[in-house]
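Residue numbers (the working numbering), protein chains in the order written: chain Z, 1247 to 1531; chain U, 1247 to 1531; chain D, 1247 to 1531; chain C, 1247 to 1531. Every residue, glycine too, gets a C-beta built ideally from N, C-alpha and C. None of these values were measured; they are calculated from a predicted model. In what follows, a single structure is set out as structure tokens and then discussed.
4 protein chains.
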Amino acid sequence: MEKPQDKNWRSKLHEIIYEADTPAGKLFDVVLLIVILASILLVMLESVKSIDSKYHDILNISEWIITVLFTVEYIARVITVKKPLKYIFSFYGIIDFLSTVPKYISLIVGGVHALAALRALRLLRIFRILKLARYLGASLRLMSALRASRAKISVFLFAVIIVSIILGTIMYLVEGEENGFSNIPKSVYWCIVTLTTVGFGDIAPQTPLGQFIASLVMILGYGIIAVPTGIVSAEYTSQSRKDEKEDKIKKPLHLNTQVCVNCSTEKHRDDAEFCYHCGHKLNDE
Amino acid sequence: MEKPQDKNWRSKLHEIIYEADTPAGKLFDVVLLIVILASILLVMLESVKSIDSKYHDILNISEWIITVLFTVEYIARVITVKKPLKYIFSFYGIIDFLSTVPKYISLIVGGVHALAALRALRLLRIFRILKLARYLGASLRLMSALRASRAKISVFLFAVIIVSIILGTIMYLVEGEENGFSNIPKSVYWCIVTLTTVGFGDIAPQTPLGQFIASLVMILGYGIIAVPTGIVSAEYTSQSRKDEKEDKIKKPLHLNTQVCVNCSTEKHRDDAEFCYHCGHKLNDE
Amino acid sequence: MEKPQDKNWRSKLHEIIYEADTPAGKLFDVVLLIVILASILLVMLESVKSIDSKYHDILNISEWIITVLFTVEYIARVITVKKPLKYIFSFYGIIDFLSTVPKYISLIVGGVHALAALRALRLLRIFRILKLARYLGASLRLMSALRASRAKISVFLFAVIIVSIILGTIMYLVEGEENGFSNIPKSVYWCIVTLTTVGFGDIAPQTPLGQFIASLVMILGYGIIAVPTGIVSAEYTSQSRKDEKEDKIKKPLHLNTQVCVNCSTEKHRDDAEFCYHCGHKLNDE
Amino acid sequence: MEKPQDKNWRSKLHEIIYEADTPAGKLFDVVLLIVILASILLVMLESVKSIDSKYHDILNISEWIITVLFTVEYIARVITVKKPLKYIFSFYGIIDFLSTVPKYISLIVGGVHALAALRALRLLRIFRILKLARYLGASLRLMSALRASRAKISVFLFAVIIVSIILGTIMYLVEGEENGFSNIPKSVYWCIVTLTTVGFGDIAPQTPLGQFIASLVMILGYGIIAVPTGIVSAEYTSQSRKDEKEDKIKKPLHLNTQVCVNCSTEKHRDDAEFCYHCGHKLNDE
């Protein structure tokens, strides 16, 4: 059933949809980026009552156009991959499905609000286009610095939460319900608001003792904000120094955006002819 | 009175309760962690009026179960240590006692709120389980960086407090009682709220001059937040560099979680057969 | 028509207006700085109702004096440059024009508020005077550190915006219109307010679930504030180290503030006799 | 008139008051520290209406006791210095005078509030006692790091102020008087509140466009907070590295707290016998 010509047609579509090295692939990605951004804008505008009541029809039609476009893209993606099930149950496959289907359901059930919000998941699709990889080097280094300091930041955040629970309980006892600290979870919430220097002000200590303790909390928060900063900063510096020695950063940029037709593995070397993961021939014929 | 078999039974219990190297010891710690977290959740939920009125009986029974569990654990700890008094008056001994006893007192006196809050101290028991020590290396380096910058951060915080008192007094004179700066302590409180960039907004300057001074305070606060960050960052970097040279970090991880039956000293070397503090035989027979 | 004497007069005026190396040029810049600051103060005071109604005449006359001074300066700049059109359509030429013309238009049309605000553009003229360049070395290094970390900070800010949109949508669903999260854009706005630890408090979560998510947002914001700081810090450190080796910093200071009469190119070397851009003779005769 | 015995008596008092090396001098400083802290507490408590009305007499008497103590100290300082005028018109001399005299004036004029606040200046006297110099090394390094980054922080703060004025004017035009941005200075104030991530919330944008611009301002503020931190951090790191090489830090600690009787110069070397400034014999006879 699969004629060579047919395969050729599918492999070309695969190249356009999954890769960003050819002009057609780049164009596809740029168009997709615009459509995604437009669809997110739509979801946002629909939530604004005054706009929705005025331009309901325009918004609805635009939404249908985008839904159809996404549907076409979804089908194309399923067709062009050799193992469609692998794509369908991959992270991006599920997001693509969830961000397309709510509009169709709304036809049957009618105006389910929570479902409509699922469309916000479309935003996550942007990450895929980042294959455009303009800032790949920069984000790689950032990522590895964050990964290296993950354990320390976890310890730090754990300490922040414990401190918040203890101080929150104290504030609950000191201020009490009449000043807005109506229960311990709310007190802990206030404590996190204060420690992180956000300070909404919806709850604020009223008693002198409460304000004194709050002052201590704030100065503590002000002092410990230095800790994660110091960690990331030091980690990033050491990362940079290592990179300078090994010139690691330039190498990732030589990886291109080809995706294997067989196993969907990404990031092949520029001079690769076969997939490094499954050995399938990469299509640059 | 103490037969060898009895001693053996006690030393085995000691191993389970106080150490985390054997499977039984690890299991004990994990169960304890869950019970502690459950007990903290209980204290929190009880403070929420709407939940307490609905599920009062369930909460009360759960509280009794946890109290009994803690009582059993407390007694077991006292029995298995050779010098029970040392444990009872140690930091964790007192916390264990204070976090268990309020429920019993409530039987006699009835609903003393402040006593109930004592149970929040249970949270401090978590630190003990951290013997699990997953992130021991990370927190050790963090601690030593903080300890090294302690003196400088003290100087810094002292300067922040002095600046707050001076600026608070000025704001009290400028804004006065009619704008919420009703006395100097409150003004100083506002100043700390502002300097640390928390900014509740419960008190805010209303006069042009007050807003001008507030602007200066904020820019000052924005500028000096750099100081503790810079200190910790620099200290942490130098700490890392030192560690890289001396490989200090890996060594603490070789210390295990055994606790001497005789003197409760912790952190013995893996190959230790006798307590390095009192010379008592460590029980790995 | 252009006699040598006339040319000499123009070239001297050019030196005074466009450069800051001669005593006359420095004096001109200082006077200009004072006039600009005075004009900005005027715009500010005019916007304060109580002051404007009291001292309307004084403010109006001062405004006219400054407008006339700016007009004279503008004409002088046009006359002394060889290619006036190039100046007129340059960045500073347009700002000079826009910050002068509103007062004249107000004569014809009368009190157009938005136009009056155009005068705030005068502030941008300050950047020109920074040719005085006291802190040139300091700002140069700052600039190059920022430029070097531009890509990484873009990635970071892009991530912040995506996180804000996702979390904003979630908060919109959780809190709903009755708690102030009246639409998704507003929710995203709240999310940015919270992530950046600003925390106005005009919108604040009211439901327990909303406060729980808000706590996560805040701790996240508190954790990731470390990222840009770490980047700039590391970049700045490596910049400093590089500078120490190459002594790059002192060299830019040898560039002077001369401006070519022909093509308005700036930053010539101290020993330059001809413009490095168009080859025109520089006027230090 | 000046007998040798008299001189000896004065030089001994000088040693006690101005120095902190002898036991008597240390005791004097500790007592002084307590009195100063007590006097600041007094000023604070007096400003609290509810406390002042209850304990007016006790506060008033305590205030008189402290005033008399300060008067005695002031006279003693004037007598024991060889050049009293130099002390009287020195920074600390003026502060000592201003923090003592208001109580006497209140006898004549009666309850001048603003004068009473002058007593807050007493706080500045604490700096003198810091001769105790526990953290001298730490603060010295901090100071030199701040001094080194002064120029760059000035450039940065200048940029923050310019950005605030421009954005403040834009917000004034966008939001207008009806949303609390009643004039440009107030708008600029709001902009500083937001840029520094303080966020009082007394003024908050209401229009969608205003909230959009506010979001940009906040993200900008979040991004640029990294700049001063990066500067101080880098400066501090390089300072530490320099210090490690030169061992500069330990040397300042060898300077003692002796003060020359003749010219009031401080910080003499431990082995100094004559004032390094005026050549007068230092009194350790």
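Point to revise | Cβ of TYR1264(U) within 8 angstroms of any chain D Cβ | key: no
Check your understanding: Buried or exposed: LYS1496(U), going by 16 or more other Cβ atoms within 10 Å of its Cβ?
Key -> Reliability of the predicted coordinates at LYS1496(U) is poor, the pLDDT of 43 falling under 50, and the value obtained from them is presented with this limitation in mind. Flag for LYS1496(U) reads exposed.
Practice item. Quick one: measure Cβ to Cβ for ILE1449(U) and TRP1436(U), integer angstroms, because I've assumed they're closer than 8 angstroms. Key: 5 angstroms
Practice item. Pick out whichever of SER1428(Z), ALA1322(Z) and ILE1263(Z) has its Cα sitting closest to the Cα of ASP1298(U). Key: SER1428(Z)
**Study point:** Environment of LYS1398(C) [buried if 16+ CB atoms lie within 10 Å]
**Key:** buried
Practice item. Kindly indicate the opening and closing residues of the alpha helix (DSSP H) around GLY1339(Z). Key: 1337–1354
Check your understanding: If you check the beta carbons only, do ARG1323(U) and ILE1411(U) fall under 8 angstroms apart?
Key -> no
Review point. Residues in its own chain within less than 6 angstroms of ALA1379(C) by CB, not counting five upstream and five downstream?
Key: Residue placement at ALA1379(C) is poorly supported in this model, since its pLDDT is 46, which falls under 50; the coordinates still yield a value, given next. Excluding residues within five positions, none has a Cβ falling inside 6 angstroms.
**Study point:** Cβ-based burial, ILE1321(C) [other Cβ within 10 Å; buried from 16]
**Key:** exposed
Practice item. For LYS1398(C), name the three-state secondary structure that DSSP assigns. Key: helix
Exercise for review: Using three-state DSSP, classify SER1308(C) as helix, strand or coil.
Suggested key: helix
Exercise for review: Return the chain-ordered list of same chain residues with a C-beta closer than 8 angstroms to the C-beta of ALA1284(Z), the five sequence neighbours on each side being excluded.
Suggested key: SER1308 and ILE1312
Review point. Rounded to a whole number of angstroms, what is the C-alpha to C-alpha distance between GLY1414(U) and VAL1347(C)?
Key: 22 angstroms
**Study point:** Cβ-based burial, SER1296(C) [other Cβ within 10 Å; buried from 16]
**Key:** exposed
Exercise for review: Return the chain-ordered list of same chain residues with a C-beta closer than 7 angstroms to the C-beta of GLY1426(D), the five sequence neighbours on each side being excluded.
Suggested key: ILE1449
Point to revise | For ALA1450(C), three-class secondary structure by DSSP | key: coil
Review point. If we count the other Cβ atoms within 10 Å of its Cβ and call it buried at 16 or more, is ASP1303(Z) buried or exposed?
Key: exposed
Practice item. Using a Cβ cut-off of 8 angstroms (strictly closer), state whether LYS1295(U) contacts chain Z. Key: yes
Check your understanding: Tell me which same chain residues have a C-beta within less than 7 angstroms of the C-beta of SER1395(D), skipping the five on either side of it?
Key -> ILE1477, VAL1478 and GLU1481
Exercise for review: Could you confirm whether any beta carbon from chain C is found closer than 8 angstroms to the beta carbon of ILE1459(U)?
Suggested key: no
**Study point:** Anticipated Cβ contact below 8 angstroms, ILE1465(C) with THR1442(D), distance rounded
**Key:** 6 angstroms
Exercise for review: Leaving aside the five residues before and after LEU1259(U) along the sequence, list all residues of the same chain whose C-beta is less than 8 angstroms from its C-beta, in chain order.
Suggested key: ALA1322, ILE1325 and THR1326
Exercise for review: Verify the CB distance criterion: does SER1410(Z) have a CB-CB separation below 8 angstroms to chain U?
Suggested key: no
Point to revise | Residue of LEU1392(D), PHE1402(D) and GLU1423(D) minimising C-alpha distance to VAL1473(C) | key: LEU1392(D)
Review point. Is it the case that the Cβ atoms of VAL1281(C) and LEU1315(C) are separated by a distance below 8 angstroms?
Key: yes
Practice item. For TYR1418(D), decide whether its Cβ has a neighbour in chain Z, counting only Cβ atoms nearer than 8 angstroms. Key: yes
Check your understanding: Going by C-alpha distance, which of VAL1401(Z), LEU1419(Z), ILE1470(Z) and MET1389(Z) is nearest ALA1405(D)?
Key -> MET1389(Z)
Review point. Taking Cβ-Cβ distances shorter than 7 angstroms, what residues in chain Z pair up with LEU1369(U)?
Key: ILE1408, ILE1411 and ILE1412
**Study point:** Which of helix, strand or coil DSSP assigns to GLU1265(D)
**Key:** coil
Check your understanding: In or out: PHE1402(C) buried (at least 16 other Cβ within 10 Å) or exposed?
Key -> buried
Check your understanding: So with Cβ pairs under 8 angstroms, would you call SER1479(Z) a contact of chain C?
Key -> yes
Check your understanding: Are the C-beta atoms of THR1440(U) and some chain D residue less than 8 angstroms apart?
Key -> no
Practice item. Anything in chain Z within Cβ reach of ASN1429(D), meaning under 8 angstroms, just list it in chain order. Key: MET1290, SER1293, VAL1294 and LYS1295
Check your understanding: Should PHE1316(D) be flagged as near chain C, meaning a C-beta pair shorter than 8 angstroms?
Key -> no
Exercise for review: Answer with yes or no whether the minimum CB distance from ASP1448(C) to chain U is below 8 angstroms.
Suggested key: yes
Review point. Relative to the C-alpha of HIS1290(C), which residue among GLN1457(U), PHE1446(U) and VAL1434(U) is closest?
Key: According to the sequence provided, residue 1290(C) is Met. The question's His does not apply to it. Considering only alpha carbons, the answer is VAL1434(U).
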